[in-house]
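Q: Please read through the structure below; I'll follow up with questions.
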Amino acid sequence: MATDLQVTTNKLSNKETQLTVKVPVEKIQNKVEGRISQVAKTAKIDGFRKGKVPMSHIRSQYGAGIQQEVINDVIRDTVFEAIKSEDIRAVGMPNIDDVKLEDDFLVYQATVEIFPEIDVQGIDEIEVERHTATVSDEDVDTMIENLQKQRQEFVEKKGN
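What follows is the structure in structure tokens.
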């Protein structure tokens, strides 16, 4: 679905970006139809046997709820695809606003906190002094003896 997304970005501040994401409605319709057919297999409505309820009844009773559920799933899935496709380094969860159906698209806006851009000057001129540790055989032997003393177990001797 990532290739079907249309994403536009609007940088609100140094720490916040707004994405406008458009998802084709046919993707949502296909998922809604699939979910409705799943519900139809298990739906129990008075006057009909289980799994034999007409699709029109399922749509009228469960259609709006199923559509909202699918829209929420699609938004949850596509918002992270949109963030990734725009190479945005998000700090937290995006806030979803203004969800609407326009023409042949589901359109929503996601406001994302981003890591601020920091321009560090003069970092190339800083020299770091590196220290190397030297370990002698005597240090190793001392450490082994200490570990042996710490982990020793006393076992009661049987007999004399």
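Position one of the sequence shown corresponds to residue 826 (the numbering used here), numbered consecutively onward.
Even glycine gets a Cβ: it sits at the ideal position worked out from N, Cα and C.
Bear in mind that the values here come from a model prediction, so they are computed numbers and not experimental data.
Count the CB pairs spanning the stretch 920-934 and the stretch 840-853 that are closer than 8 Å, and state whether there are at least three.
A: yes
Q: My guess is that Val850 and Ile891 are in contact by the Cβ rule of under 8 Å, so how many angstroms apart are they, rounded?
A: Not quite, the Cβ-Cβ distance comes to about 15 Å (not below 8 Å), so this is no contact.
Q: Going straight from the alpha carbon of Phe905 to that of Gln863, what length do you get?
A: Computed Cα separation, rounded: 27 Å.
Q: Out of Val937, Glu978, Asp962, which has the shortest C-alpha to C-alpha gap to Ile913?
A: Val937
Q: Can you name the residues that DSSP bridges to Phe930?
A: Pro849, Glu927
Q: Any idea which residues DSSP pairs Asn835 with across the strands?
A: Gln843
Q: If I measure Cβ to Cβ from Ala935 and keep anything under 6 Å in the same chain, skipping five residues before and after, which residues do I get?
A: Leu844, Val904, Pro919, Ile921
Q: Going by beta carbon distance, what residues of the same chain come within less than 8 Å of Ile896, once the five residues before and after it are set aside?
A: Ile853, Val924, Leu931
Q: So, at 6 Å on beta carbons, what are the nonlocal neighbours of Leu926 in its own chain, with the 5 sequence-adjacent residues on each side left out?
A: none
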